[in-house]
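Notes for the one structure printed next.
Chains as they are written, first to last, in this note's numbering: chain G, 138 to 438; chain D, 36 to 355; chain W, 2 to 594.
Take a look at the structure:
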């Protein structure tokens, strides 16, 4: 583990990525304890320019922008982490299951994934939010559900590759039970994709959740939140850019940092031998890739 | 070959059918039914019953689904619950506006991205490659709406004041009447698609340039230009076409956020407003349109791939 | 051929060195030789010897991460290494060409054969179909216009390789470098391809360098042989001299490791491993493994010196024999009595889905005996091995183990049956879980059938490792830390630890170098003799079976075409197909040309 970390840091982009993530996470987690004002106190008029007392000025409602920024990050982090654990966990489980079981089970799982993937992702979330209302747990579950089919695809492919190896054949010839083969032979050999997938998905969770908050379906005002702040304050961009600029900067630095870190992680785990051109989340996500695989497999069959 | 294409189309139709079932099931079975959404919480029971009958909510679910799907397929997806106007009449102009945005972004963005990707791959690890690759990594990691706001802050509100920060038009007017409102949304979409196209083309070209057959061509004494244009490019067409189609499919979702940033009168912005208003017929119709666009582009990607890959083409001939 | 023409040189290489870029460690050093027009030089070496790197270096080409650091490659009075990069394509086109190892990946999938052939001529636009068809006829691809319009994937492996050869010989360059062009082809196709190459070189006076790991192939093709070890040519000379009276101890050992299809002789492996670049000792690279080593060997690298006219060797004790080399017969002879067979197959039929792969297979594996199952790719031998091993279950017909019916599919077999039949796989790099140590892999196999205590477990693991001549310390190693040969031994240890009665060896040496193959074969026959193990040895290599088995079963297209005692099958084959197969196997004998 320390060896992998060392290799990540030795890659310049990995060190930058880690620094970015640490800075933004520190602001989000330590921020609430050091915020100088109440995020909901009306301290001045709308969109006041920065002053000594209010270093980032005020927002549309006359709240202190700095305090809202400091207190508005932790929810997005927790929701993103929850959604990622949920999505990657479920996806990996179903993917490995489908890949090892093959046959009817495989077909059923992957067809279900195809239907989920036939929606443009954010649309899928919007569809359910439009019916159940903007609830934070729902947002988390939906973002997890968006990840799951794509993660399942990645793990199914990884599993198929490992399951074709002779050491799995050998375990089968010894009559080892299927669950033991999955646990002992396959799982340890798909940890690299697992970690890379987690990193990519985490960054993409932040993107989706911040995006949904920006559309007004996330944390509801007056509770401070980076995504929501952008939506609230964009009409005042001419008067004062800070209440919009700071949240979008923090979100961008966080997702860029996570991507750099994951890219470095992937390279470190491959021992630097082979440079993967990591397509960042949405490309992997561009669903339909599964459909394409099926079509192509159908042709080749 | 024909059989393969037909099979692929049937598979796409099946997917769309399942998508419509999911949309219908989600909007009809989940709490908050249409009649109540229409009339509000304090509707009288009589009014509610009348609305239920008008919306066929008293029929069995399968019948309701049949009526609903039939309506969509015959171009009569019903009326808006909010203003009573025809859904089709209010959605179609917005579809046109969204397509204008996509086409413009594609016409400008695709050639730039492809040329940059091919050039970077042929001068791998050179200055251009390094600078553009890092930029692309950063851009790809940045959420679309964040990119949109950056362009607004830089070109409209805070640094320069060249362009309008929002893309409002008078109701009924064409977006083309004021071309300057298109610049920032189109620029944002180009910045969104650039990194995917660039990186995918770059990496497939690099893979091809490292392949045995390109090495063989070099050893055979084939000139550098011929290697890139005759040996490498034909093999890059299939992945390129796929990525282009997929990138636009992806934009079916991305365009929602970008339109909302610029208050651009497209289908995405309309969908957000419909969700706020719980205007179920509009939501259903727009979601199904976006899904169809999405599935359609995926099918297109597959078909073009089959047509341009000799190996797949030949297999397809053999199986047909 | 006139004396003057005889003195012309088609190719003269002097002091060629290819090194790793940046670190400067040489991968190939001090390569010097000359070639006459029409002459074929066999460049022989085991994996990692630098033979491919040297072959590419002749074209002034190198793989990514390498640089050509020194030397001259003279063709037609020009030094290829001093030609500026933008002129190289044109020079290569007229002077020196390349035939790759895997033509399947070396032909561009998106271009028609015609385009790829025409490019080899000076003016591709003006080449007409007749010229191209004539070219294809030269490589024995009957002239059909359809072939020109085809894409590479529509051709068979043999046809692709012929196209690659046609591309190299098109327009008659001075030199052609061929890198293992017949690896992966079946022996019959290989024999035809070799014959074509020989004929083309002779007819057009084209010199060729034929890179190969296979001594027998080189013996049947080349007039001269160069043997490479650890990046250097250690011996070079006329083929029959080098192969019959080798002067370098490495050449001697390598020849002893090659199984001979015509003689029943013990093959011997070479202990140890060749040093990698950067770990090569200051003196002779072979010194650490050489039985003749003296202190002077370790002092400095010997020069390549002519011993006999045209036969040079890089050794300070050339031609000295090791002495006392025992010539034990290898395979134990079959038991005199005829005990009940361990395994009996009776009209076995296997399917993949609707396709029938095996059509009525019947034979016995006797107690303490080894049966060689021989066939080319596609013959069904691997399906048969997997069926017996319980890895393929779409089967009907009879399988009996010690007289009792053997169910198809390991899930239907009881633990005892699964223990008694063990399977060793072809690719040792893939048959051990990379995430576990060797010891853990062996332990898991044992624990599937027994629950030994901790000390007992450790004892059994080191016992198994000892049986395959691996040190006990190998137990704590991960697969990536071991060489291919060591891994294969570990895989055998994992099979032995459960004390099996029948060992299925599926092409267990085909991924290994001949010197390592010989070690594994010796190990397997010792196990057979000392532990009374019965064995089914699956191979595509007819020459190998004499060294391990007492009887052979030859398969083709899912049927048995020949079965019997080894000598019977190899010396007096009955079936016409077997005769053909045997005739096409490349032999040392043919070197007497």
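Even glycine gets a Cβ: it sits at the ideal position worked out from N, Cα and C.
Model, not experiment: these values are computed from the prediction.
Per-residue contacts from residue i into chain G (C-beta, under 7 Å)
i, result
"residue 176 of chain D", "340, 392, 393, 396, 417"
"residue 412 of chain W", "312"
Residue-chain proximity (residue i, chain W), Cβ-Cβ < 8 Å
i, result
"residue 165 of chain D", "no"
"residue 269 of chain D", "yes"
"residue 409 of chain G", "Caution is warranted here: a pLDDT of 36 is assigned to residue 409 of chain G, below 50, making its placement in the model unreliable, and the coordinate value is therefore given only provisionally. Chain W, which has no Cβ nearer than 8 Å to the Cβ of residue 409 of chain G, makes this no."
"residue 256 of chain D", "yes"
"residue 196 of chain D", "no"
"residue 303 of chain G", "yes"
"residue 235 of chain D", "no"
Under 8 Å from the C-beta of residue i: neighbouring residues of chain G
i, result
"residue 292 of chain D", "259, 348, 351, 352"
"residue 431 of chain W", "302, 303, 304"
Under 7 Å by beta carbon: chain D residues contacting residue i
i, result
"residue 256 of chain G", "54, 326"
"residue 168 of chain W", "255"
Residues of its chain near residue i, where Cβ-Cβ distance is below 7 Å and the 5 sequence neighbours each way are ignored
i, result
"residue 117 of chain W", "108, 109, 168"
"residue 24 of chain D", "For residue 24 of chain D there is no data in the structure shown, the boundaries of chain D being 36 and 355."
"residue 186 of chain D", "219, 222, 223"
"residue 243 of chain D", "249, 267, 270, 271"
Beta-carbon neighbours of residue i, restricted to chain D and to distances below 8 Å
i, result
"residue 252 of chain G", "50, 53, 54, 57"
"residue 216 of chain G", "By Cβ distance, chain D contributes nothing, its closest Cβ being about 15 Å from residue 216 of chain G, past 8 Å."
Sequence-distant residues of its chain with Cβ nearer than 8 Å to residue i (five each side left out)
i, result
"residue 371 of chain G", "381"
"residue 33 of chain D", "With chain D covering only 36 through 355, there is no way to say anything about residue 33 of chain D."
"residue 1 of chain W", "Chain W is shown only over 2 to 594; residue 1 of chain W falls outside these bounds and no answer can be derived."
Any chain G beta carbon closer than 8 Å to residue i
i, result
"residue 401 of chain W", "no"
"residue 262 of chain D", "no"
"residue 316 of chain D", "no"
"residue 21 of chain W", "no"
"residue 416 of chain W", "yes"
"residue 98 of chain D", "no"
"residue 390 of chain W", "yes"
Contacts that residue i makes with chain W (C-beta to C-beta distance below 7 Å)
i, result
"residue 244 of chain D", "In chain order: nothing, as chain W lies at least about 11 Å away."
"residue 322 of chain G", "434"
Contact with chain D by residue i, beta-carbon distance below 8 Å
i, result
"residue 263 of chain G", "yes"
"residue 121 of chain W", "yes"
"residue 332 of chain G", "no"
"residue 120 of chain G", "Nothing can be reported for residue 120 of chain G, as the shown portion of chain G is limited to 138 through 438."
Proximal residues to residue i (C-beta, below 6 Å), its chain only, five neighbours per side dropped
i, result
"residue 299 of chain W", "284, 288"
"residue 365 of chain W", "342, 345"
"residue 54 of chain D", "326"
"residue 376 of chain G", "184"
"residue 344 of chain G", "392"
"residue 314 of chain W", "236, 248, 249, 308"
"residue 517 of chain W", "486"
Proximal chain W residues relative to residue i, where beta-carbon distance stays under 8 Å
i, result
"residue 325 of chain G", "434, 436, 437"
Contacts of residue i in chain G (Cβ-Cβ under 9 Å)
i, result
"residue 419 of chain W", "310, 311, 312"
Segment contact flag, the segment 532 to 539 of chain W with the segment 491 to 509 of chain W, C-beta cutoff 8 Å, min 3 pairs:
The segment 532 to 539 of chain W, when compared against the segment 491 to 509 of chain W, does touch it at the 8 Å Cβ threshold.
Pairs of beta-carbons, one from the segment 175 to 195 of chain G and one from the segment 150 to 158 of chain G, closer than 8 Å: are there three or more?
no
Give the list of continuous beta strand (DSSP E) stretches no shorter than 3 residues that lie fully inside the segment 230 to 313 of chain D.
none
Is the number of C-beta pairs between the segment 126 to 139 of chain W and the segment 316 to 327 of chain D that are closer than 8 Å three or more?
no
Three or more C-beta pairs below 8 Å linking the segment 173 to 181 of chain D and the segment 224 to 233 of chain D:
yes
Between the segment 404 to 421 of chain W and the segment 486 to 496 of chain W, do at least 3 Cβ pairs fall closer than 8 Å?
Remark: fewer than three beta-carbon pairs, one from each stretch, lie closer than 8 Å, so the segment 404 to 421 of chain W and the segment 486 to 496 of chain W are not flagged as touching.
Ranges of the beta strand (DSSP E) found wholly within the segment 505 to 543 of chain W, counting only runs of at least 3:
535 to 540
The segment 322 to 337 of chain G contacting the segment 258 to 272 of chain G, beta-carbon criterion three pairs below 8 Å:
Note that the segment 322 to 337 of chain G does not touch the segment 258 to 272 of chain G; fewer than 3 beta-carbon pairs, one per stretch, sit closer than 8 Å.
3 or more residues per run - each beta strand (DSSP E) lying fully within the segment 271 to 310 of chain W
306 to 309
Check whether the segment 172 to 191 of chain W and the segment 95 to 106 of chain W are in contact - that is, three or more C-beta pairs closer than 8 Å.
Result yes; three or more Cβ-Cβ pairs closer than 8 Å.
Just checking, does the segment 510 to 523 of chain W make contact with the segment 435 to 453 of chain W on the three C-beta pairs under 8 Å criterion?
no
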